[in-house]
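If you want my numbering, it's the 1-based position in the sequence shown plus 1308.
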Amino acid sequence: MKDFPFFAIITSGDLMGLEMDTTDITLLVLAGVVLANTIAQFFYAKRAERTYKSGVPAPSLIISVRVEVQNRQQLTVEQAQKWCADAIFIEADLWVAWEAGEKEIVPALWDLFLLRKTELEK
């Protein structure tokens, strides 16, 4: 480890011409760790927000897709909601809750519904 130039600088206490003791070096290293952790948390939060929220459809989109099914299949509202729910193997009450905005649909289920809808309408 002594072959690395950074290790030699830290152990000698001479960082950019400043005389530093071990306490100063420890504080400098801790500040670097805190900074790196803060940056990592910021980017992780942004990534989590981006990946999750981008796939969640608004209730208005869920309703418009159901209305499309309703018109194409010539069903009542309740029948269309049941058709949509059955397409992804869930209870019709959950579909109604998604349309009302009471619950948020899981992005994977929304993707599954869009695939199944296309498949079942052929």
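Every residue, glycine too, gets a C-beta built ideally from N, C-alpha and C.
What's the C-alpha gap between residue i and residue j?
i: Trp1306; j: Val1404; result: Nothing about residue 1306 can be read from this structure; the chain reaches only from 1309 to 1430.
i: Phe1397; j: Leu1343; result: 47 Å
i: Thr1359; j: Leu1417; result: A caution first: Thr1359 carries a pLDDT of 47, below 50, which makes its placement in the model unreliable, though a value can still be read off. Going from the Cα of Thr1359 to the Cα of Leu1417 covers about 15 Å.
i: Leu1338; j: Leu1369; result: 49 Å
i: Leu1423; j: Pro1365; result: 15 Å
i: Leu1383; j: Val1377; result: 8 Å
i: Lys1425; j: Ala1348; result: 40 Å
i: Pro1415; j: Thr1334; result: 45 Å
i: Ala1395; j: Glu1410; result: 21 Å
i: Leu1421; j: Gly1340; result: For clarity, residue 1421 is Phe in the given sequence; the question names Leu instead. Going from the Cα of Phe1421 to the Cα of Gly1340 covers about 47 Å.
i: Glu1427; j: Pro1367; result: 23 Å
i: Asp1401; j: Gln1389; result: 9 Å
i: Thr1346; j: Lys1430; result: 51 Å
i: Gln1387; j: Gly1363; result: 26 Å
i: Ile1413; j: Asn1379; result: 23 Å
Are there 16 or more other CB atoms within 10 angstroms of the CB of residue i, so buried, or fewer, so exposed?
i: Arg1374; result: buried
i: Phe1350; result: exposed
i: Gln1381; result: exposed
If you run the structure through DSSP and keep just helix, strand and coil, what is residue i?
i: Glu1427; result: helix
Do residue i and residue j have their C-beta atoms closer together than 7 Å?
i: Ile1371; j: Glu1407; result: yes
Secondary structure, alpha helix (DSSP H): runs of 4+ residues fully inside the region 1344-1413
The qualifying runs are 1367-1381, 1385-1395, 1400-1408.
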